[in-house]
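Below is one structure, written out as structure tokens; comments come after it.
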Amino acid sequence: MRVPSYRRHSSGNARVTINGKDYLLGKYGSKSSKLKYQRLIAEYRASRKSRAFGKSEPLLQDIMLAFMRYAKEYYAGTTQPYRFKIALKPVAELYATVPANQFGPRQFKVIRDGWLKGPVRSRKYINEQMSLVARMVKWAVAEELVLPEQWAKIQAVEPLERGRTTAPDNEPVEAVAVELIDAN
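According to UniProt numbering, the sequence shown is numbered sequentially starting from 1.
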């Protein structure tokens, strides 16, 4: 990774350019400007995986791409990244170009209603998908990519409850007699 350089601005101040945005750091060569530079570079390196450093308002597609990179690394060797990909597909189809901080309860409910109107899916499946989308929002808050209130707003959407939705419940799985297991 190429580190943005500490440079002199025509005003005599130090500056660094990160993701196309100039940051003025104070008088060139001063201890405080070098400390500000080090802090910005540390933040840039920490957020490098998200590619969202310095952007005023990331789009939902930026958040989803960064989250999927994180999920593939963090959940390597499991099916979890695939599960996230499936859950985030309708979000990407409908809201990819929406600023991430505008994805709230109303949009979250639209996604949920899409699962309800689509092929028959169980209440448990839809709730699991909603949980996966919410987990992405929680991660984005922890990475300071979206405002903390976005997570609180998403949490306000209740999961589907038994008997209060058109989504069917799966039939309970019954125990198998030990004799049948031993017979094989």
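Just so you know, even glycine gets a beta-carbon here, dropped at the ideal spot from N, CA and C.
- According to the DSSP assignment, ASN170 belongs to no alpha helix (DSSP H), since it is labelled neither H nor E.
- Taking 7 Å as the cut-off, the Cβ atoms of TRP151 and VAL137 count as close.
- Annotation for ALA92: the continuous alpha helix (DSSP H) segment containing it runs 80-95.
- Contact check for ASN170 against SER131 fails: the beta carbons are separated by 7 Å or more.
- In the three-state scheme derived from DSSP, where H, G and I count as helix and E and B as strand, ASN127 is classed as helix.
- ALA156 carries a coil assignment under DSSP once its states are collapsed to helix, strand and coil.
- In this structure, ALA156 sits away from ILE63, with a CB-CB distance that is not shorter than 7 Å.
- Going by C-alpha positions, LYS21 is about 25 Å away from TYR70.
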